[in-house]
Amino acid sequence: MVEIRLTNSRTRRKEVFTPIDASDVRMYVCGPTVYDRAHLGNARPVVVFDMLFRLLRHVYGPDHVRYVRNFTDVDDKINAAAQARKAAGAGGSLEELIRARTEETIGWYHADMAALGALPPTAEPRATDFIGQMIAMIGILIERGHAYAAEGHVLFRVRSYRDYGALSGRSVDDMIAGARVEVAPFKEDPMDFVLWKPSDASLPGWDSPWGRGRPGWHIECSAMSHELLGDSFDIHGGGIDLQFPHHENEIAQSCCAHPEGGFARVWMHNEMLLVEGKKMSKSLGNFFTVRDLLDRGVPGEVIRFVFLSTHYGKPMDWTEKKQLEASKAIRKMAGMLGMRGTEFLTGLEEGKPLNSVVDALADDMNTHGALHALDRSTLQLAYRELDLIDIIPDIYASQRLLGFDLKGHPEAWARAIQHDETMGIVRSRAPSTKPELLVDLEVRMVQLRAEATSSKNFSAVDALKAALTAAGVEVRMSKAGVELLPGPGFDPSKLEALK
RNA sequence: GGCGGGUUGGCGGAGAGGUUACGCAGCGGAUUGCAAAUCCGUGAAGACCGGUUCGAUUCCGGUACCCGCCUCCA
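Residues in the first sequence are numbered consecutively from 6, following my numbering.
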């Protein structure tokens, strides 16, 4: 069994991971509030914990890992968006407008995250489906003296939980001293946080012992993780920005409501995403969504590669340059799959992931190390050229473990065809994800080139080549033929004129 | 103000107390109608100041600078 080591935010140390039950490894990750398209920052924890999910599945077996990631579909931003739509004359009740918006957002989220190669979690609970459990948990907290009702609100009594602040290394007194927020008059203590708040008629609400209202933000994760994963589970993940107050509050709620359980044993936090060295924000104009990138022609696997090239515990800077480097690296990775020709590539099946890759991942998810282990130059040092060809199925399996499936990548086929040509094998046009238009243009280019070779006038060939290059197409000409590949800046619209 | 993280070659970015990380870019070569891609080769580092050590970029302390969190946020 591979020994996995993970940095536990709670102890601030790298520890050997031992699941509570190896036949049922359980992980909970805080998911998105579904009011709008996921921005690039939202995608980082998705890829990070997808990688952990894949590693756990590899080590413990796909049927022995449960990964829960919630959807927060009750939230004031969602309410505000729905109220704005209603004010703008949209039909339907507020509840219907909210439901429509959250449904739509969840659909986008699924599509965008799938494009990044993220597996669907085992369960994706929606907060609104667990209001009953939240009310029950709040009831227990009041019973045990950890919460109190005041003016239609229910508040958690922070002073009743000794370890409050332990996760994020803060003391309640320090925080009060440095507090910048206005304190609601009905709070016993400035740090007490809301479990339940009242809703007026213009807001969605549920009946509760404390009147019609809606849950505070933190209680949903406590209620859902308890309902789906139990009193104690293995890993709780999320962005470092959630460490305080969200995760601190979750721990307080869960541990006070279910003191018999240990709640999450390992806490993992991914660091933030920056864009060109700055935090992504609308005011700086460097804010963009995953969909924006995909629509701009940046493939999902390139985004994934950039994410995986930085350790999850370090801030990751998204830059144009990294994006270009990643697309080159992806091409090289894909190219290796074609080293043995088209016939082999067509029938390529997954072998067993390389130990060097698994070991890197098992070492606190050193994804950069895993990618490095898959570099051709690294592999060439570890294996002789002939052996390298033998382990293509293992290389493929390793890539798949990292969430990349490059079997259909144009570069894999280009390499395979090149191999066939060198070996004198008749080329067979195999399925790749290359756009049809490029295949047609290849044929035309071959004809023009044949004419040019006899006439010694290459101007027509050069003109076509220039147009293709301008559209971001990579033009490769060899004695045997022409290969057109979409490059990093490929823009299909610029090819329309060449039809 | 409190808490946390960082500072490595032109750029990105690792591991390891003493041996070349690696990639990209650059440069030289092979190849090409010209290119592209590919292949071969190649130079370049460890913020600053102290300490521990036979030896530190790697451990310890301090300084400077950068970033994040403390308020919705992944």
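Backbone N, C-alpha and C define an ideal beta-carbon position, used for all residues, glycine too.
Because the structure is a prediction, the values reported are computed rather than measured.
Exposure of residue i, with buried meaning 16 or more beta-carbon neighbours within 10 Å
{"i": "Ala85", "result": "exposed"}
{"i": "Thr23", "result": "exposed"}
{"i": "Ser230", "result": "buried"}
{"i": "Val7", "result": "exposed"}
{"i": "Val311", "result": "buried"}
{"i": "Glu225", "result": "buried"}
{"i": "Arg420", "result": "buried"}
{"i": "Val363", "result": "buried"}
{"i": "Asn75", "result": "buried"}
{"i": "Thr315", "result": "buried"}
{"i": "Met428", "result": "exposed"}
{"i": "Arg219", "result": "buried"}
{"i": "Lys326", "result": "exposed"}
{"i": "Asp425", "result": "buried"}
{"i": "Ser460", "result": "exposed"}
{"i": "Leu507", "result": "In this structure the chain extends from 6 to 504, so residue 507 is not present and cannot be described."}
{"i": "Glu441", "result": "exposed"}
{"i": "Thr12", "result": "buried"}
{"i": "Gly243", "result": "buried"}
{"i": "Ser382", "result": "exposed"}
{"i": "Ala375", "result": "buried"}
Under the three-state DSSP convention, the category residue i falls into
{"i": "His252", "result": "helix"}
{"i": "Arg69", "result": "The sequence shown places His at residue 69, not Arg. It is helical."}
{"i": "Glu479", "result": "strand"}
{"i": "Pro50", "result": "helix"}
{"i": "Ala85", "result": "helix"}
{"i": "Arg131", "result": "strand"}
{"i": "Glu193", "result": "coil"}
{"i": "Pro203", "result": "strand"}
{"i": "Gly218", "result": "strand"}
Beta-carbon gap between residue i and residue j smaller than 7 Å
{"i": "Tyr166", "j": "Ala48", "result": "no"}
{"i": "Thr110", "j": "Asp80", "result": "no"}
{"i": "Leu453", "j": "Val466", "result": "yes"}
{"i": "Asp78", "j": "Thr133", "result": "yes"}
{"i": "Phe161", "j": "Asp197", "result": "yes"}
{"i": "Leu200", "j": "Ile143", "result": "yes"}
{"i": "Ala262", "j": "Met139", "result": "no"}
{"i": "Ile245", "j": "His274", "result": "yes"}
{"i": "Asp392", "j": "Leu359", "result": "no"}
{"i": "Gly216", "j": "Pro203", "result": "yes"}
{"i": "Ala331", "j": "Leu411", "result": "no"}
{"i": "Val295", "j": "Asp496", "result": "no"}
{"i": "Lys82", "j": "Tyr114", "result": "no"}
{"i": "Ala27", "j": "Tyr72", "result": "no"}
{"i": "Phe191", "j": "Ala155", "result": "yes"}
{"i": "Asn371", "j": "Ala365", "result": "yes"}
{"i": "Arg345", "j": "Ile308", "result": "no"}
{"i": "Asp322", "j": "Gly356", "result": "no"}
{"i": "Pro501", "j": "Gly492", "result": "According to the sequence displayed, residue 501 carries Glu and not Pro. Cβ atoms of Glu501 and Gly492: not closer than 7 Å."}
{"i": "Lys319", "j": "Glu265", "result": "no"}
{"i": "Ala457", "j": "Phe463", "result": "yes"}
{"i": "Leu172", "j": "Glu253", "result": "yes"}
{"i": "Val52", "j": "Leu124", "result": "no"}
{"i": "Val30", "j": "Leu61", "result": "yes"}
{"i": "Ala476", "j": "Lys439", "result": "no"}
{"i": "Ala334", "j": "Ile9", "result": "no"}
{"i": "Tyr388", "j": "Leu353", "result": "no"}
Cross-strand partners of residue i (DSSP beta bridge)
{"i": "Ala154", "result": "Val159"}
{"i": "Thr38", "result": "Thr77"}
{"i": "Ile240", "result": "Met32, Val271"}
{"i": "Phe198", "result": "Phe161"}
{"i": "Asn13", "result": "Arg18"}
{"i": "Val280", "result": "Lys283, Trp323"}
{"i": "His44", "result": "Thr294"}
{"i": "Glu488", "result": "Arg481"}
Residue i: CB within 6 Å of a non-hydrogen atom of the ligand FAD
{"i": "Glu488", "result": "In terms of ligand content, the structure shown is empty, and the ligand FAD therefore cannot be addressed."}
Uninterrupted alpha helix (DSSP H) stretches inside the stretch 381-456 (no shorter than 4 residues): 381-387, 390-395, 397-406, 415-427
Length-filtered (4 minimum) alpha helix (DSSP H) runs lying within the stretch 314-378: 325-342, 347-351, 360-367, 372-378
Completely contained alpha helix (DSSP H) runs for the stretch 90-121, where each covers 4 or more residues: 99-120
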